[in-house]
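Structure first, commentary second.
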Amino acid sequence: MAVIVFAESWEGKFKKITHEAVSYAKDVANAEGTDVIAVTVGNIDDDASSLGKFGASEVVQVEGDAFGSFNASVWADALNEVAEAKGAKHFVISGTNNGRMIAPMLSVKAGAAYISNAIEIPSNFSPFTVRRNAFSNKGLVDYQTSADKVIVGIVPNAIGVKEHGGDASVSSHSSSVAASAKSEVLDVDRVKGKIPLPEADLVVSAGRGLKAPENWNMVEDLAEVLGAGTACSKPVSDIGWRPHSEHVGQTGIQINPSLYIAIGISGAIQHLAGVSGSKTIVVINNDPEAPFFKAADYGIVGDAFEVVPQLTEALKSFKAN
508 MAVIVFAESW
518 EGKFKKITHE
528 AVSYAKDVAN
538 AEGTDVIAVT
548 VGNIDDDASS
558 LGKFGASEVV
568 QVEGDAFGSF
578 NASVWADALN
588 EVAEAKGAKH
598 FVISGTNNGR
608 MIAPMLSVKA
618 GAAYISNAIE
628 IPSNFSPFTV
638 RRNAFSNKGL
648 VDYQTSADKV
658 IVGIVPNAIG
668 VKEHGGDASV
678 SSHSSSVAAS
688 AKSEVLDVDR
698 VKGKIPLPEA
708 DLVVSAGRGL
718 KAPENWNMVE
728 DLAEVLGAGT
738 ACSKPVSDIG
748 WRPHSEHVGQ
758 TGIQINPSLY
768 IAIGISGAIQ
778 HLAGVSGSKT
788 IVVINNDPEA
798 PFFKAADYGI
808 VGDAFEVVPQ
818 LTEALKSFKA
828 N
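Quick note, my numbering runs 507 ahead of the 1-based positions in the sequence shown.
Below, the structure is given as structure tokens:
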């Protein structure tokens, strides 16, 4: 028996949240006295054996032309195939957009319980008990299940990465599940030149307080100085000022960066649900009664058109010295 972890990649590269999922799976495996098998799907440019550094003892590569583009149902089938071949009953999947699509499908295919939004290592295995975010990230619950098979979806950037050392053995798995796929990806519109939000450790976000899309340059300037990702509120993406790939919130991307800077965002409950896992929140708003200030670690009451450029210049001067 082993713990299966979905080793997600982006354009053939492993990211921090992949390493985080593998190291989390290693902690689970250590508690159970078993091993970690990382499963990659599609073409991987990175050295697959490098996942051994984070705790994988084996990497199984599911390859083939049919796995070139993401297809949640087909990829879930591939993961289940490997799990059945290895006799695995526990799965770890990072709560990325792809991971959140795969996990419920895998739950049905494998007959497994699915615990999403996990933020800690399981405290017990009989029954399986793990702490997770709940109530739009406003509370925590200890979730228990007596199911024989369990999928744990972890919150990205909430667990941290541990290095365990060593290399993993690498094997390939030939799958035929793609032949029965009921859907097909016809085209992929890739966002280029941006730091993926689930991967970003620093995020600069803005809302309708910027008044017009042409004012977004100052947000991007600040993000560039910080090496941060850029995000926006739902109303901004709804009216077309920014792409939906930048929308963070309950119905968008949920993030957990070390630093989240919110500019001109009032702080609706739906937005807070997607960013409340941030370790430090800085709010810049000219309305001292904006709800976001109640959730902020630091707040600046002022005109964003004055504050943000000054902050950017101060950071440039600091970095120059």
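Cβ coordinates follow ideal geometry from the N, Cα and C atoms, glycine included.
Give the DSSP-derived three-state secondary structure of Ala821 in the structure shown.
Counted from its first residue, the sequence shown places residue 821 at position 314. Looking at Ala821 - three-state DSSP - the assignment turns out to be helix.
Assuming Ile544 and Lys596 form a contact by the criterion Cβ under 8 Å, report the distance between their Cβ atoms to the nearest whole angstrom.
Indexing the sequence shown from 1 puts residue 544 at position 37. Indexing the sequence shown from 1 puts residue 596 at position 89. 12 Å between Cβ atoms; not a contact.
If you draw a straight line from the alpha carbon of Gly519 to that of Thr787, how long is it in whole angstroms?
For the purposes of this step, residue 519 is identified with residue 12 of the sequence shown, where counting begins at 1. For the purposes of this step, residue 787 is identified with residue 280 of the sequence shown, where counting begins at 1. Rounded to the nearest angstrom, the two C-alpha atoms are 31 Å apart.
Near Val535, what residues of its chain come up, given a Cβ to Cβ distance below 7 Å and the 5 sequence neighbours on each side ignored?
By 1-based counting over the sequence shown, the position of residue 535 is 28. Only Val510, His597, Val599, Ile628, Pro629 meet the Cβ criterion.
Report the partner residues of Glu565 according to the DSSP bridge assignment.
Here residue 565 refers to the residue found at position 58 when the sequence shown is read from its first residue. DSSP, once it has assigned bridges, lists Ile544, Ser676 as partnering Glu565.
Give me the residue from Val659, Lys701, Trp582 with the minimum Cα distance to Glu691.
For this step, residue 691 is matched to residue 184 along the sequence shown. If we check each option's Cα against that of Glu691, Trp582 comes out closest.
What are the complete beta strand (DSSP E) segments, minimum 3 residues, inside the segment 602 to 658?
Within the segment 602 to 658, the complete beta strand (DSSP E) runs of at least 3 residues are 620 to 625, 635 to 641, 646 to 652.
Using only CA atoms, which one of Glu796, Asn792, Ala738, Ala821 lies nearest to Asp810?
Your numbering for residue 810 matches position 303 in the sequence shown. Among Glu796, Asn792, Ala738, Ala821, the Cα nearest to that of Asp810 belongs to Asn792.
Going straight from the alpha carbon of Gly673 to that of Lys741, what length do you get?
Walking along the sequence shown from the start, residue 673 turns up at place 166. Walking along the sequence shown from the start, residue 741 turns up at place 234. Those two C-alpha atoms are separated by around 43 Å.
Classify Phe521 as buried or exposed, calling it buried when 16 or more other Cβ atoms lie within 10 Å of its own Cβ.
As a working mapping, residue 521 is identified with position 14 in the sequence shown. That one is buried.
Could you give the residue range of the alpha helix (DSSP H) that holds Ile762?
Taking the sequence shown and counting its residues from 1, one reaches residue 762 at position 255. It is not in any alpha helix (DSSP H) - Ile762 carries neither H nor E in the DSSP assignment.
With hydrogens ignored, establish whether the beta-carbon of Val814 is closer than 7 Å to any heavy atom of the ligand MN.
Within the structure as shown, the ligand MN is missing, as the structure has no ligands at all.
What residue from Val755, Asn763, Ala532, Thr525 has the CA that sits closest to Asn775's CA?
Mapped onto the sequence shown, residue 775 falls at position 268. Residue 775 is actually Ala in this sequence, not Asn. Among Val755, Asn763, Ala532, Thr525, the Cα nearest to that of Ala775 belongs to Val755.
Would you report the Cα separation of Leu822 and Asn828, rounded to the nearest angstrom?
The count along the sequence shown starts at 1 and reaches residue 822 at position 315. The count along the sequence shown starts at 1 and reaches residue 828 at position 321. So the two alpha carbons sit approximately 10 Å from each other.
Measure from the alpha carbon of Ala579 to the alpha carbon of each residue in Ala528, Asn537, Glu515, Ala555, then state which is nearest.
As a first step, residue 579 must be located in the sequence shown, where it is residue number 72. For Ala579, the nearest C-alpha among the options comes from Glu515.
In chain order, what residues of the same chain have a beta carbon less than 8 Å from the beta carbon of Pro634, not counting five sequence neighbours either side?
In the sequence shown, counting from the first residue as 1, residue 634 sits at position 127. Take Pro634, set aside five residues on each side of it, and the residues of its chain with a beta-carbon closer than 8 Å to its own are Gln651, Thr652, Ser653, in chain order.
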